[in-house]
Amino acid sequence: MKTKKTLIYNLIFLVFCGGVFYFLWSAPPETTAFLPHDDKHERFFPMGKKEAEKFCEECHNPDGESPLPPDHPPKYRCLFCHKRAQ
Numbered sequence: 003m004k005t006k007k008t009l010i011y012n013l014i015f016l017v018f019c020g021g022v023f024y025f026l027w028s029a030p031p032e033t034t035a036f037l038p039h040d041d042k043h044e045r046f047f048p049m050g051k052k053e054a055e056k057f058c059e060e061c062h063n064p065d066g067e068s069p070l071p072p073d074h075p076p077k078y079r080c081l082f083c084h085k086r087a088q
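If you're matching positions, the sequence shown starts at 3 in my numbering and goes up one per residue.
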């Protein structure tokens, strides 16, 4: 009886792991733009994320040279989504 119960638990575990694997495998590709590697952003690459994010609103505010769209997610976590290019 114990071996049958163990077999059932193992099968449930395998089905669960297969479901998690399938869910992760079928995730869409990352589409968020990387932090540009240009003259304006070059100074932020050696900084830590929190330190660099303090400067984003200088240019990316509503009156700045490159404002964010109104439906953009929270403005204070820029480098959470916009990763630095390697």
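For each residue, glycine too, the CB sits at the ideal point set by N, CA and C. Please read all numbers here as calculations on a predicted model, not as lab measurements.
Buried/exposed call for residue i, threshold 16 Cβ in 10 Å
i: Phe23; result: exposed
i: Phe46; result: buried
i: Cys61; result: exposed
i: Cys19; result: exposed
Inter-residue CB distance, residue i and residue j (contact presumed, cutoff 8 Å)
i: Ala54; j: His84; result: Their Cβ separation, rounded to whole angstroms, is 10 Å, which puts Ala54 and His84 out of contact at 8 Å.
Which listed residue (the options) has its alpha carbon closest to that of residue i
i: Lys51; options: Ile14, Thr8, Asp73, Leu37; result: Leu37
i: Pro69; options: Pro75, Pro76, Tyr78, Glu59; result: Glu59
i: Phe89; options: Glu44, Glu32, Lys42, Asp40; result: Lying outside 3 to 88, the shown extent of the chain, residue 89 is not represented and no answer is given.
i: Lys42; options: Glu67, Phe15, Asn12; result: Glu67
i: Arg79; options: Phe57, Lys4, Ala87; result: Phe57
Helix, strand or coil at residue i [DSSP, three-state]
i: Arg79; result: coil
i: Leu70; result: coil
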